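Trainee:
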Amino acid sequence: MIETLTPNRLVVMASYDPDGELGPHVRRHIQAWQDECQRLIVVTTSQLKAADRSWLNEHCELIERENYGYDFYSYKVGLDAAGDLSSYDEVVICNDSFVGPLRPYREIFAEMADQHLDFWGMTQTLRVKHHVQSFFVVFRSWVVASKAFTNFWAEMSPVSDRREVIHRYEVGMSRTLIDAGFTVGSFFRETPAEARLARARVIWWALRRRDLNRRRLLRPWERLQRAREPWNPMSGLADSALRGESRLPLVKLDTIRYDPYGLNSARLLRKCTEQYPESFAGMDDYLARTASRYRPRPREMLAKAPLLLRPFILLVRYR
Amino acid sequence: MKIPDSIRRGLGRRVRRVQMRVLRPWYARQLTRAGIVDIEYYQAQTGLKFRTARQVAKHYLASAALDDYSIHPLLEPNLLGGRRPRSAKDPAVRIATERIFSPHPLFDPVQARRALNLAPNTRVGQVWLKWVRSATEDTAVPVPPTEPPITWGQLRRLLIEGATQWREARGRWRTFGYPVQELPAGSVIPWSADRGTGPLVSVILATWNRAHLLREAIDSVLAQSYRNLELIVVDDGSSDDTAAIVAGVMSFDSRVRLISLPRSGVSAARNAGLEAALGEYVAFIDSDNTWNVDFLTDTVGTMTARKWKVAHAALQVSRRGKTNYRATDGDFHALLMGNFIDMNVLLAATETARAAVGFDVSMKRSVDYDYILRLAELETPHLVPTVAALYQEDQSDSIRISNVQAIGWASVAQSKHLVDWEVASQATRKAGALSVVLAVPKGLSDCIDSIRALDGADAELVCVAPLNRGHYNCLTALARCRDLKITQAANTGMSLVLNLGAIASSGERIIFVKDNASLTSSAALALAATLDDQSVAIAQPINESATMTVASAGAYFPPGDVVPSPLLAEHPTATAQRTAGAAVAGAYSAVIAMRAPDFIAIEGFDPLFHNTMFEVDLSLRAQERGLGQTVLVDAFAAVRTPMNRPAYPLDLPGSARLMKQRWATPPTGSAESLERAGFAATVHQATPLAGSTGPLAEVYVRTPELMPIPEPSSSPPCLRWAIDVAAPAGPKGAHWGDRHFANSLARSLRKLGQQVAVDHREARDRPSRKYDDVVLTLRGLDKVTPMPGPLNLLWVISHPDDVSPRELAAYDLAFAASIGWSAQKSQEWGLSIEPLLQCTDASLFSPTRATAAAASDVLFVGSTRGVSRPVVNYAVNAGADLAIFGRGWEKTAAADLVVAEQLPNSELGVRYASAAVVLNDHWADMLRNGFISNRLFDAAACGARVLSDRVAGADEVFSGLVQSFDTPADVTRLLSQPLDDNWPSQADRLAIAEQVRLEHSFDRRAEQLLDAALSSLEQRPADGLHRKATQPLTNW
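Chains as they are written, first to last, in the numbering used here: chain S, 201 to 519; chain X, 511 to 1546.
#1: Is cysteine 991 of chain X helix, strand or coil when you go by DSSP?
#2: What did DSSP end up calling alanine 1410 of chain X once you bin it into helix, strand or coil?
#3: Shorter than 9 Å from the beta carbon of leucine 723 of chain X to some beta carbon of chain S?
#4: Provide the residue span of the beta strand (DSSP E) that contains leucine 1006 of chain X, from first to last.
#5: Contact between the stretch 1023-1034 of chain X and the stretch 977-993 of chain X is defined here as three or more beta-carbon pairs at a separation below 8 Å; is this criterion met?
#6: Apart from the five residues just before and just after lysine 504 of chain S, which ones in its own chain have a Cβ nearer than 8 Å to its Cβ?
#7: Of all the residues that make up the stretch 328-347 of chain S, which are near chain X by a beta-carbon distance shorter than 7 Å?
#8: Grouping DSSP H, G and I as helix and E and B as strand, with all else coil, what is tryptophan 701 of chain X?
#9: So, using beta-carbon positions, are leucine 240 of chain S and histidine 259 of chain S closer together than 9 Å?
#10: Could you list which residues in chain S have their beta carbon closer than 7 Å to that of phenylalanine 762 of chain X, in chain order?
#11: Using the Cβ count rule (16 or more neighbours within 10 Å means buried), how would you classify aspartate 439 of chain S?
#12: Could you tell me how far apart the beta carbons of phenylalanine 382 of chain S and isoleucine 755 of chain X are, in whole angstroms, since I believe they sit closer than 8 Å?
#13: Mind checking tyrosine 268 of chain S: buried by the 16 CB within 10 Å criterion, or exposed?
#14: Can you find a C-beta in chain S that's less than 9 Å from the C-beta of glycine 758 of chain X?
#15: Against chain S, with Cβ distances strictly below 9 Å, would isoleucine 909 of chain X count as a contact?
#16: If you follow the alpha helix (DSSP H) that alanine 815 of chain X is in, where does it begin and where does it stop?
#17: Output needed in chain order: residues of the stretch 358-372 of chain S with a Cβ under 7 Å from some Cβ in chain X.
#18: To the nearest angstrom, how far is the alpha carbon of aspartate 314 of chain S from that of tryptophan 342 of chain S?
#19: Taking 6 Å as the limit between beta carbons, can you name the residues of its chain near proline 1198 of chain X, skipping five residues before and five after?
#20: Considering only their Cβ atoms, is the gap separating histidine 367 of chain S from glycine 300 of chain S smaller than 9 Å?
#21: Looking at alanine 1393 of chain X: is its Cβ nearer than 9 Å to the Cβ of valine 1409 of chain X?
#22: On the DSSP letters alone, give me the boundaries of the alpha helix (DSSP H) that glutamate 1504 of chain X sits inside.
#23: In chain A, which residues lie with their C-beta within 7 Å of the C-beta of aspartate 751 of chain X?
#24: Decide if the stretch 1039-1048 of chain X is in contact with the stretch 1057-1065 of chain X; the criterion is three or more beta carbon pairs, one per stretch, under 8 Å apart.
#25: Between which two residues does the beta strand (DSSP E) harbouring tyrosine 791 of chain X extend?
#26: Is the CB of alanine 1200 of chain X under 9 Å away from at least one CB in chain S?
#27: Taking the beta strand (DSSP E) that threonine 1192 of chain X belongs to, which residues open and close that run?
#28: In this structure, how does DSSP classify tryptophan 801 of chain X when only helix, strand and coil are distinguished?
#29: Suppose the cutoff is 7 Å on Cβ atoms and the five residues either side in sequence are ignored; what does the same chain contact list for glycine 1609 of chain X look like?
#30: I want to see whether chain S comes within less than 9 Å of alanine 673 of chain X, judged by CB atoms only; does it?
#31: Out of curiosity, what's the CA-to-CA distance linking alanine 782 of chain X and tryptophan 676 of chain X?
#32: Can you give me the C-alpha to C-alpha distance between proline 1241 of chain X and threonine 556 of chain X, rounded to a whole angstrom?
#33: Work out the CA separation of threonine 1358 of chain X and phenylalanine 1395 of chain X for me, nearest whole Å.
#34: Thinking C-beta only, is isoleucine 1329 of chain X closer than 9 Å to serine 1336 of chain X?
#35: Would you call the stretch 757-773 of chain X and the stretch 355-369 of chain S in contact, with 3 or more CB pairs under 8 Å?
#36: In whole angstroms, what separates the C-alpha of lysine 471 of chain S from that of isoleucine 378 of chain S?
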């Protein structure tokens, strides 16, 4: 009875843990998929501990592989292992870099079901070029059957540079499909108020960025340019998870770890834990355990805001 | 700071527009006051009613920017001078200030001046105004002497009738091509929901590899406010994700269907869609277009309410930020002039759409136009004035049919409806009659000149083109006394235009003249006569370009290549004349002649070739069908623009591709033609044809590198000469003495077995100069720097003060037409300058040419620029009975003595021989340096008594025939005393004339020059290309 209600969906999840353990959010995420897909393939690049391996084997198909090529290569391995993709109505790729879903997948998919989209993600951004963010993307059957999709995965080779993976595969995947004529959308769509807030946060970020031109004189000009850049909703609007019925139904761990825009991510974590105690249970411990493996990236570290402008943090911080 | 041209021009336009708007009331008043507004004539053109001249003036000034109207039957503003015919000046101002040009072919200012007794220097514009204001019904129109007389009343009636005819013909196609700024008025009846769901509309979208654009097009269809539709996407064998994208759409909307075909072209795809359509109406959309939301609601609603079978809506076009509409309402006949219905905005009842027999799969382009023509023939299309789609003209897709396939397909579509060769073959034709089919040039004066040039050929003229009002008016006037037919043709390719002319003609032989060429009557007759030989299918003249070199002497095909190039292009015409009279490989010409039945039998020019190379294809087909060969006739056609740049749009690469598709091997005869001209091809140089842009590979034309073939030994040896003169080519140079001098010298050199070309100023740099053995520069106004290679000769015949030793030293040999100057300068500069006096043409200048009719007392031939010449003043003061031939005397005291402004060179001898005394003078520098004018030689050769200013050497050369004067008193004395007191007797004069004709003729000079050239060449070291090495130069 339950079997017939399970959507004909394939999920390929990429997973990595530096200690070979399964984070609490990963377990909850895998459990969230249980009745939402026909088949769940987890591709992990961790050196799994026995207990975690057996837990995974119980809950999904597990593929273990060497740690290279980031999540995209795990997706490829998973998709290749899945065999004939054309038998599914939908194919989902996602990874374990976020806490969520903060609301059931069933609701999320139901909301997207009547959207005339060929593929969609949880969020989309205009950074680099318009694309859906690759931690969660859903492809409909005709896209999976298309030449553009097949060729994209067939031609993929492992890349172990984070920026290159983003450019070639994360942005590249969206561009390939959009250029082939497919339409794209996202579950999370900013309201005008959110867009204004995100802009203010980008400006705040631009004030504090350090990855600027070496020549001092040119910096104000460059800050001005940076202030006009598009935002990453997972950083700039992470607190949308707290609004409505989780408008943004997941929180990226990177946002909490690195606070890329300098918006007080500790506060975000505190608020999330308050609002979603179940989803965030054990996350403090997990973050503490992995902290040493996720050191701040030098390029992304922020400077202090100019003294006079510091009070403005009250306007832009996560709320 | 330099302002870019485009901005400056744009600014100028804007300023003129504002100026026009501000000054319009003032201009209107001025125009009315000028009293030249012909209300009835204006009404005939516009079809509107006006009560006062003021109303006409206002309407004219307001509409002048778009419409080519005229306010008076004898006023064609386009014929007036000035670079910008559409300037803000109103026609009254323009005509009032006109100095030179007549505003109508039937208005001859000279005759008018005479009729009104006006001073000879009255401006043409003033003459015209005076005549027009004074003319009554019975006044004779001052027509040129070549035209029969007519009264003003008769001519006016004729031209008003012509204007009416033009308006009626134009009614069919007037708005064609113009984007309008506002949607035309008319009611739209949108489909309202209370009328039910409405008839089903099938939307057919044929697509091929446009997946990236597809969703937008499909979404615009599915988003239509009219809901009862089906979308049939026909995938014409795409290799991209078209099918996947349509599958995606289908999973959300059940109104969409997909038909997948193997690649078979847009026509087959649309036909498949048409076949599968279930709706009552069909519409078509291309994958790169989108519809406005209400397109179907508006169009279906209006069509059902009005019971229309075929309708189309408007297109909104935005280009450079400006918005216009393409919204033309017109029937089948209007469509034949050009397509104004876009396939994307068309809606047709399915039964009608199917009855039009689908899209023609054999056509590679203009499929839409072809289909719409057939549809319109069944049911008249109606315009629903609603915007169906928006076009961004700035963005364009690089791989479109439009730059892959030949543009001639549109002509093919038109031709299907306009030309019926079956019917044409049954029409009776006048035996022996000649028809000339003229594709009317865009320039109005060119058009008039082309027609007048053919007077005397006794041919029927068929003028065919999309004619504007000015052309129509002038042609109507000229048709009065000529066998002239006017045929309004579609806005199409030259090939179809000429085909239409052929069908309208009635002669047995037809000469086709493209719009960039003109032909004299004698050339036309020569071409027609060539067709008497049944082995000749096509006769073509030597095409002469504006530089008076060869534009084409037939088609040249490189070995194994069917892309032709014009034979002997940029060679001197004399070279082409050597190959004339014999067959060429094919025709490549702006003018060809063919027997009408033959032309019709092979179905004329192929419209697919559009504007270029169709005559080449025709000649090849004629040969293939055994109708005969193509012959180059020793006659000239003047080609105004360069051979391949007529006013029509061009597709040279497209035509070349067609040649390659159609012909496997080139016809023979190219090498033979070259050989007759004295050349052999060595290697071929490939150059891409102009316009080979687009996605297809470039098409190359291979032109031959030539090598002169050694001439057979003769005595004297035959050399290739070029005579370089400063006179400009074309009619501009007709009055230049240099041209006549060079032509006479060339004739004499040819008598000695030489090959001679006369190069005008513009032809000086012709590439074929490298084949010449001797270049003789006649030093006139231009300083010419000789190119090393040939033997360079300089003959200073005028402007000696301009010659520098540096210039002179660059030449192998230098001559000067002054004994004194050459001796002096030789010594001064240490260079050798031989004296070689000017001379006369013994065949034109002889005492025997005297006639009583041409007799005059004292004769002066020469022009001036506003000031009288001293010798004329002296003669006038001496009370002589003076006759002057020349221009520019209007403002001088001698104005009344002018007999004619022009005296042809051939007539000059008659006048000299008949005059009692001939006056002569010299330019100051010529006189000072002892350069005896050639007029002295001419007059002396006629045995005339000559009175001249004193030039050194004249007494010795002319033995008393020329009497010199130093003071005005001398002139008075010489003219008042009995002539025989001062000049030799009649018998002596004849003897002296004979001596001059012998010693100072062009023949003699030619011998001297040839002698000098040969002995100089003999001393030269051998040169690979030039003939000196290959042939012994014997003293002869």
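All C-beta atoms, glycine included, are put in the ideal place defined by N, C-alpha and C.
As the structure is a computational prediction, the values presented were derived from the model and not from experiment.
Mentor: In short, the structure shows the following:
#1: Numbered from 1 along the second sequence, position 481 holds the residue referred to as residue 991 of chain X. Correct three-state label for cysteine 991 of chain X: helix.
#2: The residue labelled residue 1410 of chain X in the question sits at position 900 within the second sequence. Strand.
#3: Here residue 723 of chain X refers to the residue found at position 213 when the second sequence is read from its first residue. Cβ-Cβ to chain S under 9 Å: yes for leucine 723 of chain X.
#4: Within the second sequence, the letter at position 496 stands for residue 1006 of chain X. That residue, leucine 1006 of chain X, is in no beta strand (DSSP E); its alpha helix (DSSP H) goes 1004-1014.
#5: no
#6: As a working mapping, residue 504 of chain S is identified with position 304 in the first sequence. Within the same chain, lysine 504 of chain S has close Cβ partners Arg408 and Arg510.
#7: Arg340, Trp342, Val343, Ala345, Ser346 and Lys347
#8: Here residue 701 of chain X refers to the residue found at position 191 when the second sequence is read from its first residue. Residue state, collapsed to three classes: coil.
#9: Reading the first sequence from its first residue, position 40 is the one you call residue 240 of chain S. Reading the first sequence from its first residue, position 59 is the one you call residue 259 of chain S. For leucine 240 of chain S and histidine 259 of chain S, yes; Cβs fall inside 9 Å.
#10: Here the question's residue 762 of chain X lines up with position 252 in the second sequence. The answer, in chain order, is His316.
#11: If you number the first sequence from 1, residue 439 of chain S lands on position 239. It is buried - the Cβ of aspartate 439 of chain S has at least 16 other Cβ atoms within 10 Å.
#12: Residue 382 of chain S sits at position 182 when you count from the first residue of the first sequence. Residue 755 of chain X sits at position 245 when you count from the first residue of the second sequence. With 8 Å as the limit, phenylalanine 382 of chain S and isoleucine 755 of chain X qualify as a contact, their Cβ atoms being about 7 Å apart.
#13: Counting from 1 along the first sequence, the entry for residue 268 of chain S is found at position 68. So tyrosine 268 of chain S counts as exposed.
#14: What you label residue 758 of chain X is simply residue 248 of the second sequence in a count that begins at 1. Output row for glycine 758 of chain X: interface = yes.
#15: One-based indexing of the second sequence puts residue 909 of chain X at position 399. Residue confidence is low: isoleucine 909 of chain X scores 43 on pLDDT, short of 50, so the model does not pin down where it sits. No coordinate-derived value is stated.
#16: The residue labelled residue 815 of chain X in the question sits at position 305 within the second sequence. Counting along the chain, the alpha helix (DSSP H) containing alanine 815 of chain X begins and ends at 805-816.
#17: none
#18: Looking up residue 314 of chain S in the first sequence gives position 114. Looking up residue 342 of chain S in the first sequence gives position 142. Their Cα atoms are separated by approximately 15 Å.
#19: What you label residue 1198 of chain X is simply residue 688 of the second sequence in a count that begins at 1. Excluding positions up to five away in sequence, the list reads Glu1208 and Tyr1210.
#20: The residue labelled residue 300 of chain S in the question sits at position 100 within the first sequence. The residue labelled residue 367 of chain S in the question sits at position 167 within the first sequence. Not in contact: glycine 300 of chain S and histidine 367 of chain S (Cβ atoms no closer than 9 Å).
#21: To locate residue 1393 of chain X, count along the second sequence from 1; it is residue 883. To locate residue 1409 of chain X, count along the second sequence from 1; it is residue 899. Their beta carbons are under 9 Å apart, which means alanine 1393 of chain X touches valine 1409 of chain X by this criterion.
#22: Counting from one through the second sequence, the residue named residue 1504 of chain X turns up at place 994. Its alpha helix (DSSP H) spans residues 1496-1509.
#23: Note that chain A does not occur in the displayed structure, where the protein chains are S and X.
#24: no
#25: For this step, residue 791 of chain X is matched to residue 281 along the second sequence. From DSSP, the beta strand (DSSP E) with tyrosine 791 of chain X extends over 791-794.
#26: Position 690 of the second sequence, counted from the start, is the residue given in the question as residue 1200 of chain X. For alanine 1200 of chain X, the answer is no, since every Cβ of chain S falls outside 9 Å of its Cβ.
#27: Position 682 of the second sequence holds residue 1192 of chain X. Segment 1189-1198, the beta strand (DSSP E) holding threonine 1192 of chain X.
#28: The residue you call residue 801 of chain X lines up with position 291 of the second sequence. The answer is strand: DSSP assigns tryptophan 801 of chain X an E or B state.
#29: The first residue shown for chain X is 511 and the last is 1546, placing residue 1609 of chain X beyond what the model contains.
#30: Here residue 673 of chain X corresponds to residue number 163 of the second sequence, with the count starting at 1. No, alanine 673 of chain X does not count as interfacial toward chain S.
#31: Position 272 of the second sequence holds residue 782 of chain X. Position 166 of the second sequence holds residue 676 of chain X. So the alpha carbons of these two residues sit roughly 44 Å apart.
#32: Indexing the second sequence from 1 puts residue 1241 of chain X at position 731. Indexing the second sequence from 1 puts residue 556 of chain X at position 46. Rounded to whole angstroms, proline 1241 of chain X to threonine 556 of chain X spans 38 Å at the Cα level.
#33: The sequence position of residue 1395 of chain X within the second sequence is 885, counting from 1. The sequence position of residue 1358 of chain X within the second sequence is 848, counting from 1. So the alpha carbons of these two residues sit roughly 21 Å apart.
#34: Looking up residue 1336 of chain X in the second sequence gives position 826. Looking up residue 1329 of chain X in the second sequence gives position 819. In this structure, isoleucine 1329 of chain X does not lie closer than 9 Å to serine 1336 of chain X by Cβ.
#35: no
#36: Reading the first sequence from its first residue, position 271 is the one you call residue 471 of chain S. Reading the first sequence from its first residue, position 178 is the one you call residue 378 of chain S. Their Cα atoms are separated by approximately 37 Å.
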